[in-house]
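Okay, so here's the structure we're looking at.
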Amino acid sequence: MSNVFNSKRVIVMSAVVSLLLLVQIESFAGQDWEVITQLPTQRSGIATAVVDDRIYIIGGTLENVGDPDGVSTVEEYDPQTNTWRRVADMPTRRYYPKAAVVNDTIYVFGGWYEEKGVKTEYPVRLDAYDPATDTWTRKKDMPVPRVHPAVGAVDGKIYIIGGSTGWGWGDERRMDRVDIYDPATNTWEDGPKMPTQRDAYLGGVVNNRIYVIGGYGPPGGQVLSAIEEYDPINRQWQKKKDMLNVKFSFRTAVVKDDIYVIGGIDKSRQYLATVDMYNPQTETWRDIPAIPTPMYPQGAATVNGTIYVFGGMGAGGQFLPDVLAFDTGFRAVEANGKLLTRWGQLKKGDN
Numbered sequence: 000m001s002n003v004f005n006s007k008r009v010i011v012m013s014a015v016v017s018l019l020l021l022v023q024i025e026s027f028a029g030q031d032w033e034v035i036t037q038l039p040t041q042r043s044g045i046a047t048a049v050v051d052d053r054i055y056i057i058g059g060t061l062e063n064v065g066d067p068d069g070v071s072t073v074e075e076y077d078p079q080t081n082t083w084r085r086v087a088d089m090p091t092r093r094y095y096p097k098a099a100v101v102n103d104t105i106y107v108f109g110g111w112y113e114e115k116g117v118k119t120e121y122p123v124r125l126d127a128y129d130p131a132t133d134t135w136t137r138k139k140d141m142p143v144p145r146v147h148p149a150v151g152a153v154d155g156k157i158y159i160i161g162g163s164t165g166w167g168w169g170d171e172r173r174m175d176r177v178d179i180y181d182p183a184t185n186t187w188e189d190g191p192k193m194p195t196q197r198d199a200y201l202g203g204v205v206n207n208r209i210y211v212i213g214g215y216g217p218p219g220g221q222v223l224s225a226i227e228e229y230d231p232i233n234r235q236w237q238k239k240k241d242m243l244n245v246k247f248s249f250r251t252a253v254v255k256d257d258i259y260v261i262g263g264i265d266k267s268r269q270y271l272a273t274v275d276m277y278n279p280q281t282e283t284w285r286d287i288p289a290i291p292t293p294m295y296p297q298g299a300a301t302v303n304g305t306i307y308v309f310g311g312m313g314a315g316g317q318f319l320p321d322v323l324a325f326d327t328g329f330r331a332v333e334a335n336g337k338l339l340t341r342w343g344q345l346k347k348g349d350n
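Its first residue numbered 0, the sequence shown is counted upward by one per residue in numbering that gives the first Met the number 0.
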């Protein structure tokens, strides 16, 4: 009788814990965006990456200098202490690079740089940064130059999707190709082409699937509303429902199973402060509190359920150096060593 009672008690207590976690996940803790600091180096066209709950701001171009485009500066932001630290410069100058993380190593791809406005270079070089040793290593070059691709890491491999071969608006530059990099073997392979040829877009990885959202495509660089899902396991593309609110020059962040589409510019060229939350599984959208100022954000990253936005461009070309934070309320709970272990110990002790 005692064992039956204890089993029922454990089930009820587990259900309560699950309910509390669900409430926490579905609530927005702060209900507003906060300005928490500013970029120590004012720059646009950056890449962001997260390792051990620290955010790395990579490359870009200096806003108070102008030409040349492209810097090698890397700075580390610690959300826990709200402090910055300059780390080792990237070997390659890059404006609008993209970055992905595999096994706590940051891989930086693509972008471009200018030499005093005279010539523009599109590096195919792949640079890898190890935050533990503060060192960079050169890896095997990309097959082709890439500007504004989508990048996602799934199951230890990095997927470089679409983009263009150079800066410009010509349809001939835009790509539908997919290149797959394996850090374990330092090799590249071809992936199945994306259904829509496009560049200057973003997306996110949810449940080991890569989502590509919006961007520019033919004819003539029109603003796209298309969303497409890539399944790396089955190597298949699937079209999803179009964007609810069509815009471009936004930034994205992923929290649990949702992709947050932050700021941007609409088809009438109005800067936006809206933030749309997209759930790929249900293909539904939800509005959350807007960012304080309409802008084209320069970078975004997520640490422990909080979304951070790094700088932005406002109407009239005004650069905004603020770093914003929004607490979604979600806190990741790992099974090993946390709740499940605690409930198991309680059950044994009550027999």
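Ideal placement from N, C-alpha and C gives every residue a C-beta, glycine not left out.
Predicted model only: the values in this text are computed from it and were never measured.
Closest option to Thr195, judged by alpha-carbon separation, among Lys239, Phe108, Val123 and Tyr55: Lys239. Look at Gly151 here: in three-state DSSP terms it is strand. Only exposed fits Lys118, as fewer than 16 other CB atoms lie within 10 angstroms of its CB.
Its chain contains Val153 as the residues whose beta carbon lies nearer than 6 Å to that of Asn207, once the 5 sequence neighbours on both sides are disregarded; these appear in chain order. The count of Cβ pairs closer than 8 Å, one atom from the segment 223 to 237 and one from the segment 268 to 276, stays below three, leaving the stretches out of contact. Counting along the chain, the unbroken beta strand (DSSP E) around Met312 starts and ends at Thr305 to Met312. For the pair Val205 and Ile258, the CB atoms are nearer than the 8 Å cut-off. Spanning the alpha carbons of Ala252 and Gly313 requires a straight line of approximately 20 Å. Around the C-beta of Lys266, fewer than 16 other C-beta atoms lie within 10 Å, and the residue is accordingly described as exposed. Gly162 carries a coil assignment under DSSP once its states are collapsed to helix, strand and coil.
Secondary structure within the segment 208 to 286: the beta strand (DSSP E) runs of 3 or more consecutive residues, fully enclosed, are 208 to 212, 226 to 230, 235 to 239, 250 to 254, 257 to 264 and 270 to 278 (chain order). Residue burial annotation: Glu62 is buried, with at least 16 other C-beta atoms found within 10 angstroms of its C-beta.
Contact annotation: Val123 and Pro144 have beta-carbon atoms nearer than 8 Å. Classified as exposed, Glu282 has fewer than 16 neighbouring CB atoms from the shown chains inside 10 Å of its CB. According to DSSP, Pro296 shares a beta bridge with Gly311. DSSP places Glu114 within a strand segment (E or B) once states are collapsed to three. Arg197 carries a coil assignment under DSSP once its states are collapsed to helix, strand and coil. The three-state secondary structure of Gly203, taken from DSSP, is strand. Excluding the 5 residues flanking it on each side, Tyr76 has same chain C-beta neighbours closer than 6 Å at Ile54 and Trp83, in chain order. Burial check for Asp321: the Cβ neighbour count within 10 Å reaches 16 or more, so the residue is buried. No Cβ-Cβ contact shorter than 8 Å links Gln41 with Phe329. Taking 8 Å as the cut-off, the Cβ atoms of Arg137 and Pro182 do not count as close. The three-state reading of DSSP puts Arg42 in strand, counting E and B together. A Cβ-Cβ separation of about 6 Å places Asp88 in contact with Thr72 under the 8 Å criterion.
Between Tyr200 and Ala127, the C-beta spacing is not below 8 Å.
Taking a C-beta distance under 8 Å as the contact criterion, Trp111 and Pro288 do not qualify as a contact pair.
In this structure, the beta-carbon distance from Tyr158 to Ile212 does not fall below 8 Å. Taking the C-beta atoms as reference points, Asp103 is found no nearer than 8 Å to Pro78.
When the beta-carbon positions are compared, Ala324 and Ile35 come within less than 8 Å of each other. Counting every other CB atom within 10 Å of its CB across the protein chains shown gives Asp133 a total below 16, marking it as exposed. A direct Cα-to-Cα measurement between Arg268 and Glu228 gives close to 27 Å. Cβ neighbours of Gly203 within its own chain (closer than 6 Å, five residues either side excluded): Tyr210, Thr251, Val253 and Ile258. Collapsing the DSSP output to three states places Gly59 in coil. Membership of Pro320 in the beta strand (DSSP E) is indicated by the continuous run Phe318 to Asp326. Setting aside the 5 residues that flank it on each side, Gly298 is surrounded in the same chain by Ile45, Ala46, Thr47, Ile56, Arg250, Val308, Phe309 and Gly310, each with a C-beta closer than 8 Å to its C-beta; the list follows chain order. With contacts defined by Cβ atoms closer than 8 Å, Gly263 and Ile290 do not form a contacting pair.
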